[in-house]
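According to the UniProt record's numbering, the sequence shown is numbered sequentially starting from 1. Virtual Cβ for every residue (Gly too), placed ideally from N, Cα, C. Treat the numbers as computed from the prediction; the structure is a model and nothing was measured. Single-structure report; data block below.
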Amino acid sequence: MSAADIAAHEAASYVRRPRKVLATSPAGHPRGSRPAEELARQFRDHGVPATVVQDIRTDRFLIVEEAGS
């Protein structure tokens with residue numbers, strides 16, 4: 001398969017590659033997700049593509065590298 005075929009297959013797949021967790025923040029923080037969003041912004045300001053997702057199982061916000069990075 002070509003690189004384009006592989007990329008299309010992965011984009012359509014329900015199974016996602018594991019993402020690197022850069023930092024975590026408690027979901028029960030009084031300011032909600034804002035501390036996690038601020039951490040993600042700091043990573044982005046330093047050239048690391050980061051986004052925030054919530055891990056329901058652990059009740060934490062995870063700052064992870066954006067997919068495809």
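Identity of the residues DSSP links to residue 50 by a beta bridge: Taking the first residue of the sequence shown as position 1, residue 50 is located at position 50. Its beta-bridge partners are 65.
Cβ-Cβ distance between residue 65 and residue 52 below 7 Å: Mapped onto the sequence shown, residue 65 falls at position 65. Mapped onto the sequence shown, residue 52 falls at position 52. Remark: C-beta atoms of residue 65 and residue 52 do not approach each other more closely than 7 Å.
Secondary structure of residue 40, DSSP reduced to three states: For the purposes of this step, residue 40 is identified with residue 40 of the sequence shown, where counting begins at 1. It is helical.
Beta-carbon gap between residue 24 and residue 57 smaller than 7 Å: To locate residue 24, count along the sequence shown from 1; it is residue 24. To locate residue 57, count along the sequence shown from 1; it is residue 57. Not in contact: residue 24 and residue 57 (Cβ atoms no closer than 7 Å).
Exposure of residue 6, with buried meaning 16 or more beta-carbon neighbours within 10 Å: Counted from its first residue, the sequence shown places residue 6 at position 6. A residue is called buried when at least 16 other Cβ atoms come within 10 angstroms of its Cβ; residue 6 does not meet this threshold and is exposed.
For residue 3 and residue 21, the rounded distance between their alpha carbons: Your numbering for residue 21 matches position 21 in the sequence shown. Your numbering for residue 3 matches position 3 in the sequence shown. So the alpha carbons of these two residues sit roughly 26 Å apart.
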